[in-house]
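*Asks:* Chains A and B are the protein sequences, given in the same order.
Residue -15 is where the first sequence starts when you use this note's numbering, and the numbers rise one by one after that.
Residue 764 is where the second sequence starts when you use this note's numbering, and the numbers rise one by one after that.
Beta carbons are placed, not taken as given, at the ideal position from N, Cα and C, and that holds for glycine.
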Amino acid sequence: MLLVVTFSTEARQSLRNSCRAHPAVAIRRLGRAALCRETELGALLALRLRAKHPDDVVIELTRPLNEFADVPERVREAARAFEDREFPSTSYANFASGTAHPGAEDLRDVDL
Amino acid sequence: MIVELAGEVRRGRAIDARDATVDPSGLFEAIRTGEPPVRSSLPPGPVHEHVGLVELGMHLPLRTALAAAARSRGVLTEFDDAIARLESDIAAIDPGSVDLGPARERAAAAGQDLAALRERVATLRGHVDADRTAGRPTDAATADLREAVTALSEAETDAIAAEQALAAAERGARAARDDRDRRLGLADRRDNLVRRARTVLAERTYPRFRRALDALPVEASAGEEPADFEGAVTAAALAVTRIAALRAPVVVVDGPFSRPVEARAALDAPVVLV
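1. Check whether the segment 959 to 976 of chain B and the segment 783 to 794 of chain B touch, using three or more Cβ-Cβ pairs below 8 Å as the test.
2. Going by C-alpha to C-alpha distance, which of B:1000, B:916, B:767 sits closest to residue 811 of chain B?
3. Which bits of chain B does residue 42 of chain A rub up against, with CB to CB less than 9 Å?
4. Helix, strand or coil for residue 899 of chain B? Go by DSSP, reduced to three states.
5. Just checking: is the beta-carbon of residue -8 of chain A within a distance shorter than 8 Å of some beta-carbon in chain B?
6. Find the residues of chain B that neighbour residue 93 of chain A, judging by a C-beta separation of less than 7 Å, and give them in chain order.
7. To which residues does DSSP link residue 128 of chain A through a beta bridge?
8. Going along the chain, which residues of the segment 22 to 41 of chain A sit with their C-beta nearer than 8 Å to a C-beta in chain B?
9. Helix, strand or coil for residue 856 of chain B? Go by DSSP, reduced to three states.
10. Report the rounded CA-to-CA distance for residue 732 of chain B versus residue 894 of chain B, giving the unit in angstroms.
11. Does the distance from the CB of residue 94 of chain A to the CB of residue 42 of chain A come in under 8 Å?
12. Starting from residue 950 of chain B, find everything on chain A with Cβ-Cβ shorter than 7 Å and list it in chain order.
13. Determine, using beta carbons only, whether residue 79 of chain A and residue 64 of chain A come nearer to each other than 8 Å.
14. Relative to chain A, which residues along the segment 846 to 864 of chain B have a C-beta separation below 8 Å, given in chain order?
15. In angstroms with no decimal places, state the Cα-to-Cα distance between residue 981 of chain B and residue 849 of chain B.
16. Does the segment -15 to 5 of chain A touch the segment 49 to 57 of chain A, meaning 3 or more C-beta pairs lie closer than 8 Å?
17. Look at the alpha carbon of residue 1016 of chain B and the alpha carbon of residue -8 of chain A, and state the distance between them as a whole number of angstroms.
18. Roughly how many whole angstroms lie between the Cα atoms of residue 992 of chain B and residue 818 of chain B?
19. Name, going along the chain, the residues of the segment 958 to 976 of chain B whose beta-carbon falls closer than 7 Å to a beta-carbon of chain A.
20. Would you mind stating whether residue 40 of chain A and residue -5 of chain A have Cβ atoms separated by less than 8 Å?
21. For residue 1007 of chain B, which residues in the same chain have their Cβ closer than 6 Å to its Cβ, ignoring the five residues on either side in sequence?
22. How many Å lie between residue 936 of chain B and residue 944 of chain B at the Cα?
23. Under the rule that 16 or more other beta-carbon atoms within 10 Å means buried, what is residue 989 of chain B, buried or exposed?
24. Out of B:941, B:952, B:974, B:986, state which residue places its alpha-carbon closest to the alpha-carbon of residue 858 of chain B.
25. Does residue 1116 of chain B come out as helix, strand or coil in the three-state DSSP assignment?
26. Can you tell me whether residue 23 of chain A is buried or exposed? The criterion is at least 16 other CB atoms within 10 Å of its CB, across all chains shown.
27. When you compare the CB positions of residue 76 of chain A and residue 84 of chain A, do they come within less than 8 Å of one another, or not?
28. Tell me which residue opens and which closes the beta strand (DSSP E) that residue 1015 of chain B is part of.
29. Under the three-state reduction of DSSP, which class applies to residue 926 of chain B: helix, strand or coil?
30. Look up residue 983 of chain B in the DSSP assignment and say whether it is helix, strand or coil.
31. So who's on the other strand from residue 779 of chain B, going by DSSP bridges?
32. Count the CB pairs spanning the segment 837 to 848 of chain B and the segment 950 to 966 of chain B that are closer than 8 Å, and state whether there are at least three.
33. Does residue -2 of chain A come out as helix, strand or coil in the three-state DSSP assignment?
34. Give the single residue among A:10, A:96, A:9, A:16 whose Cα lies nearest to the Cα of residue 57 of chain A.
35. With DSSP as the reference, identify every bridge partner of residue 766 of chain B, one or two as the case may be.
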């Protein structure tokens, strides 16, 4: 999908107007951002928005995260275990320390 | 105001233009811009935008106009200090402009070169294999292939460099975007306070508006608050004119006044009757 994010009130309003005019293109309207169909029309609208508001529009290409394909098992395991932790107030740092789960410092600079 | 109509120069704060063929909107615009047929006029303030042309079918956002009228008289609100602080915070942000287009274009071009060269290498490999299979000398084809492989290797290096340059430029742009983010948040807070100020100004000015309506030769019912108003939009516009401090003249089309001086007195504003 195309993720269009705006950075000014004017750009945000233009995005809203564009999504309203092309409801089939805007899959998800998120206020100052929108997820749009990855079609040539979607690209046209996004590029036109950026041309209208240089510096105030960011366009990203996204795809759904498939954690089984894109994320290592140790991360998936840690996420599951952390969610199932005994005390909700425990921070991830405390939760992971003394266990086999990776600490946040070990994960921070590793790209997926 | 000094205006030229029907070949005659007319001046004053109560002008009769009903004998001339005048386009009311054209005159309204001319008053705002100071262009012909207007020779001279005081520049309009914000409230003039709403009530500068009073005619049938006009649109009037009442709360906004009431707030503008209050502001024209110098009325302040408890939100004004905060609004001013936010405006100065917003003005202090200078995000800088980052154009990533050229970097993206270079990365895309490098990628395309790469694809073309890979294809060429594959094709030339095929030539070498074909020659070998057919028992022909492979020297020429191998030389071509070697050349292409070298070019491919260089192109791969270039493509990586272009991608890295783009990634670095993206990271650089992030700081400017953080500033814009902050500015957007401040602008939203400011706009919110401006709306709240507008609401209280409209509410607090309403009694004055109601008295103005009573003093004018119009039929309307004001009620207790702006939402209660019932009557012609032109009646509301005339009442707003009366309570505002207007500098530029108001154009009144087919109004309830028989003479300009009467309109001028009733509206407490310079006026042109059309």
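*Replies:* Put simply:
1. no
2. B:1000
3. 936, 940
4. coil
5. yes
6. The contacting residues do not exist; residue 93 of chain A stays about 14 Å from chain B at best.
7. Summary: the structure shown does not reach residue 128 of chain A, with chain A confined to residues -15 through 96, and so no result is reported for it.
8. 38, 39, 40
9. coil
10. The structure shown has nothing for residue 732 of chain B, since chain B only spans 764 to 1037.
11. no
12. -7
13. no
14. 858, 860, 861, 862
15. 42 Å
16. no
17. 40 Å
18. 18 Å
19. none
20. yes
21. 810, 832, 835
22. 12 Å
23. buried
24. B:941
25. Nothing about residue 1116 of chain B can be read from this structure; chain B reaches only from 764 to 1037.
26. exposed
27. no
28. 1013 to 1015
29. helix
30. strand
31. B:1036
32. yes
33. helix
34. A:96
35. B:773, B:801
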